[in-house]
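Q: Quick note on this note's numbering: the sequence shown kicks off at 312 and runs consecutively. We put the CB at the ideal spot given by N, CA and C, even for glycine. As the structure is a computational prediction, the values presented were derived from the model and not from experiment.
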Amino acid sequence: MYQSPTVVTADDAARSYAVDISVVIPVFNEAENLPDLVRRVDEALTPTGRSFELILVDDGSRDGSGRLLLKLAKDRPWLQPVRLVRNYGQSSALQAGFDRVRGRYVVTLDGDLQNDPLDIPALIDRLDTDPDVDMISGWRKQRQDKALSRRLPSVIANKLISSSTGVHLHDYGCALKAYRRDIIDRIRLYGELHRFIPSLARDAGARIDEVPVRHHARTRGVSKYGIDRTFRVILDLVLIIFFMRYRQRPLHAFGALGLWLATPGLGILGWLGLVKLAGEDIGGRPLLMAGVMLLLMGLQLIVAGLVGELLIRIYHEGRGRPQYHVKDDHAR
């Protein structure tokens, strides 16, 4: 039975924000950087007078980062450590933080101190004063990474993702981003989708802007990125394009491809049928096998699209999930 979605009023939304800013940072083997990271976030946000929380998600570190987080949190009530039982990857670590945010605005950055927490107040002020922006993505205009293994994959990925998704940013890889809370509530991360948060946010209705931010060279710890990341980005890009274009209508994706295969298959079999009627033997022709295979593959893809449509209906109607998001300007 379909249940209409719960309507959240502006007053309800305002009461749900326990703090002004939630900062979410996934960390993996960053014990050397954690004390400075916590101190710099404190120094950046305390002078603003805004209430804030710092959610540090330890993604299964093996260097004692988890124990250090618990120690740092003892005399800092605004620090919330989250320790995952094993290394799940950056997307899952970010989602673990997003599931626990209580702030009106959500900020993300990396734990390696290459992003500067001092940039956070300016991003929040922009969201506070500009109702036409829902997400601000940082742009490391003057990157301090010298290694080609980090810069080259980033350049390739930025151009590839921008051209494929239509969300044009200079720097998809910059972890320093600020969001309105309702945008975070609409997206879910898994696999390696953290690279495509701007695309997911745009799909959720976010209006995105990009601003230059500071970037520092890594001085401690080891980078977790390399040239192999480019190939993973290409595979994930196929998934994100499908999500953005065909998530609500899988039959259009699978069905269209199925028709492209089935149509020439039918044409081939029709022509061979005429040849057969003319008295020629077609049993040994490779073209017969090609026509049958094209037709069968096309039909299978069309059926897959129909099954996808049924699953979409079950997901939205059976669980009462709306297929849209309503803009609540009064909550801002």
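State the Cα-Cα distance for the pair Asn-344 and Asp-547, rounded to the nearest angstrom.
A: Reading the sequence shown from its first residue, position 33 is the one you call residue 344. Reading the sequence shown from its first residue, position 236 is the one you call residue 547. Their Cα atoms are separated by approximately 30 Å.
Q: Only counting runs of 4 or more residues, tell me where the alpha helix (DSSP H) segments fall wholly within the stretch 445-504, in order along the chain.
A: Whole alpha helix (DSSP H) segments, 4+ residues: 459-476 and 492-497.
Q: For His-527, write down the residues that DSSP places opposite it in a beta bridge.
A: Position 216 of the sequence shown, counted from the start, is the residue given in the question as residue 527. In DSSP, His-527 forms no bridge with anything.
Q: Leaving aside the five residues before and after His-710 along the sequence, list all residues of the same chain whose C-beta is less than 7 Å from its C-beta, in chain order.
A: This structure does not reach residue 710, given that the chain is present from 312 up to 643, and the question cannot be answered.
Q: Gly-414 lies in the beta strand (DSSP E); which residues open and close that run?
A: Mapped onto the sequence shown, residue 414 falls at position 103. Its beta strand (DSSP E) spans residues 414-419.
Q: Going straight from the alpha carbon of Trp-389 to that of Val-349, what length do you get?
A: Numbered from 1 along the sequence shown, position 78 holds the residue referred to as residue 389. Numbered from 1 along the sequence shown, position 38 holds the residue referred to as residue 349. For Trp-389 and Val-349, the distance between alpha carbons rounds to 10 Å.
Q: Taking the alpha-carbon of Gln-425 as reference, which of Leu-610, Arg-513, Val-338 and Pro-597 has the nearest alpha-carbon?
A: Numbered from 1 along the sequence shown, position 114 holds the residue referred to as residue 425. For Gln-425, the nearest C-alpha among the options comes from Val-338.
Q: Going by the DSSP bridge assignment, what does Ser-403 pair with across the sheet?
A: On the sequence shown, residue 403 is found 92 positions in, with the first residue counted as 1. Answer by DSSP bridge pairing: none, since Ser-403 is not bridged.
Q: Mark Ala-294 as exposed unless 16 or more other C-beta atoms lie within 10 angstroms of its C-beta, in which case mark it buried.
A: Outside the shown range of the chain, which is 312 to 643, sits residue 294, and nothing can be said about it.
Q: Given 8 Å as the limit, tell me if Thr-357 has its C-beta closer than that to any heavy atom belonging to the ligand PLP.
A: Absent from the structure shown: the ligand PLP. Ligands present: none.
Q: Could you name each continuous alpha helix (DSSP H) segment of 4 residues or more that falls completely within the stretch 544-604, going from the start of the chain to the end?
A: Segments of the alpha helix (DSSP H) lying fully in the stretch 544-604: 561-588.
Q: Which term fits Ala-329, buried or exposed, when burial requires 16 or more other beta carbons within 10 angstroms of its beta carbon?
A: In the sequence shown, counting from the first residue as 1, residue 329 sits at position 18. Exposed, since its Cβ has fewer than 16 Cβ neighbours within 10 Å.
Q: Per DSSP, Ile-336 is paired with what?
A: Start at 1 with the first residue of the sequence shown, and residue 336 comes out as number 25. Answer by DSSP bridge pairing, in chain order: Leu-367.
Q: Quick check: what's the CA-CA separation for Leu-420 versus Leu-568?
A: As a working mapping, residue 420 is identified with position 109 in the sequence shown. As a working mapping, residue 568 is identified with position 257 in the sequence shown. Cα to Cα, the separation comes out at about 40 Å.
Q: Among the candidates Met-604, Pro-575, Leu-588 and Leu-367, whose CA atom is the shortest distance from the CA of Val-393?
A: For this step, residue 393 is matched to residue 82 along the sequence shown. Measuring from the Cα of Val-393, the nearest candidate turns out to be Leu-367.
Q: Provide the residue span of the beta strand (DSSP E) that contains Arg-394, from first to last.
A: Sequence index remark: in the sequence shown, residue 394 carries index 83 (1-based). It spans 390-394 - the beta strand (DSSP E) in which Arg-394 sits, taken as one unbroken run.
Q: Would you call the CB atoms of Asp-395 and Gly-371 closer than 9 Å?
A: The count along the sequence shown starts at 1 and reaches residue 395 at position 84. The count along the sequence shown starts at 1 and reaches residue 371 at position 60. For the record, residue 395 in the displayed sequence is Leu; it is not Asp. Closer than 9 Å, so yes.
Q: With Ser-333 and Val-412 assumed to form a contact (beta carbons below 8 Å), what rounded beta-carbon distance in angstroms separates them?
A: Here residue 333 refers to the residue found at position 22 when the sequence shown is read from its first residue. Here residue 412 refers to the residue found at position 101 when the sequence shown is read from its first residue. Contact holds; Cβ gap of about 4 Å.
Q: Going by beta-carbon coordinates alone, are Leu-612 and Leu-550 separated by less than 9 Å?
A: In the sequence shown, the residue the question calls residue 612 occupies position 301. In the sequence shown, the residue the question calls residue 550 occupies position 239. Contact flag unset, no.
Q: Looking only at C-alpha atoms, which of Gly-377, Leu-381, Gly-414 and Val-417 sits nearest to Asn-398?
A: Taking the sequence shown and counting its residues from 1, one reaches residue 398 at position 87. Nearest of Gly-377, Leu-381, Gly-414 and Val-417 to Asn-398, Cα basis: Gly-377.
Q: If you compare alpha carbons, which of Val-524, Ala-355 and Phe-553 is closest to Gln-453?
A: Within the sequence shown, residue 453 is the residue found at index 142, counting from 1. For the residues Val-524, Ala-355 and Phe-553, the minimum Cα distance to Gln-453 belongs to Val-524.
Q: Taking the alpha-carbon positions, what's the Lys-382 to Ser-402 distance?
A: Sequence index remark: in the sequence shown, residue 382 carries index 71 (1-based). Sequence index remark: in the sequence shown, residue 402 carries index 91 (1-based). Going by the C-alpha atoms only, they are around 25 Å apart.
Q: For Glu-354, does the three-state DSSP call read helix, strand or coil?
A: For the purposes of this step, residue 354 is taken as the residue at position 43 of the sequence shown. The answer is helix: DSSP assigns Glu-354 an H, G or I state.
Q: Please report the straight-line C-alpha distance between Val-603 and Ile-545, rounded to a whole angstrom.
A: Taking the sequence shown and counting its residues from 1, one reaches residue 603 at position 292. Taking the sequence shown and counting its residues from 1, one reaches residue 545 at position 234. Roughly 32 Å between the two C-alpha positions.
Q: Can you check which of these residues, Asp-423, Pro-358 and Pro-346, is closest to Leu-487 by C-alpha distance?
A: Here the question's residue 487 lines up with position 176 in the sequence shown. The shortest Cα separation from Leu-487 among Asp-423, Pro-358 and Pro-346 belongs to Asp-423.
Q: Let me know the secondary structure DSSP gives Asp-439 once reduced to three states.
A: For the purposes of this step, residue 439 is taken as the residue at position 128 of the sequence shown. Three-state result, Asp-439: helix.
Q: Would you tell me roughly how many angstroms separate the C-alpha atoms of Leu-500 and Gly-581, rounded to the nearest one?
A: Stepping through the sequence shown from its first residue, residue 500 is reached at position 189. Stepping through the sequence shown from its first residue, residue 581 is reached at position 270. The alpha-carbon atoms of Leu-500 and Gly-581 are separated by roughly 48 Å.
Q: Sorted by chain position, which residues of the same chain lie with C-beta nearer than 6 Å to Ala-342's C-beta, five sequence neighbours on each side aside?
A: The sequence position of residue 342 within the sequence shown is 31, counting from 1. The answer, listed in chain order, is Asp-374, Gly-375, Ser-376 and Leu-379.
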